[in-house]
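Each residue of the sequence shown is one higher than the one before, counting from 1467 in my numbering. Just so it is clear, CB atoms sit at the ideal spot from N, CA and C, and this is done for glycine as well. In this text, all values refer to a predicted model and were calculated from it rather than measured experimentally.
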Amino acid sequence: MTEHYRPRVRYVIGPDGSPLTVADLPPKDTRRWVIRRKAEVVAAVRGGLLSLEEACDRYTLTVDEFLSWQRSIDKHGLAGLRATRIQDYRGN
């Protein structure tokens, strides 16, 4: 078996600097994705609270959609997640 076992963490540090647990994550049926919720899901995956597959299943996201959130944070910070500004950031 070549899969690496990664122990599950109990919490990660959220985008606002506070501890974030699975119970603190957005509800599974979230339909309105505000900046904070997107950033919490990205932090959860990056920190090992959820796997990418778990996050996509839990929130019915595509891998590309999640990765676009992650790239936006890396390139533009939390403001890059603002849906109304996405065209401004994509042009740069």
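Close beta carbons around residue i, own chain, < 8 Å, minus the five adjacent residues each side
i, result
"residue 1525", "1492, 1494, 1496 and 1507"
Residues that DSSP places opposite residue i in a beta bridge
i, result
"residue 1478", "1486"
Span separating the alpha-carbon of residue i from that of residue j
i, j, result
"residue 1518", "residue 1511", "6 Å"
"residue 1513", "residue 1479", "8 Å"
"residue 1540", "residue 1501", "14 Å"
"residue 1474", "residue 1543", "26 Å"
Close Cβ partners of residue i (< 6 Å) along its chain, the five nearest in sequence each way excluded
i, result
"residue 1504", "1535 and 1547"
"residue 1538", "1546 and 1547"
Q: Could you tell me whether the segment 1525-1532 touches the segment 1479-1489, using the rule of 3 or more Cβ pairs below 8 Å?
A: Below 8 Å, too few C-beta pairs join the segment 1525-1532 and the segment 1479-1489 to call them touching: fewer than three.
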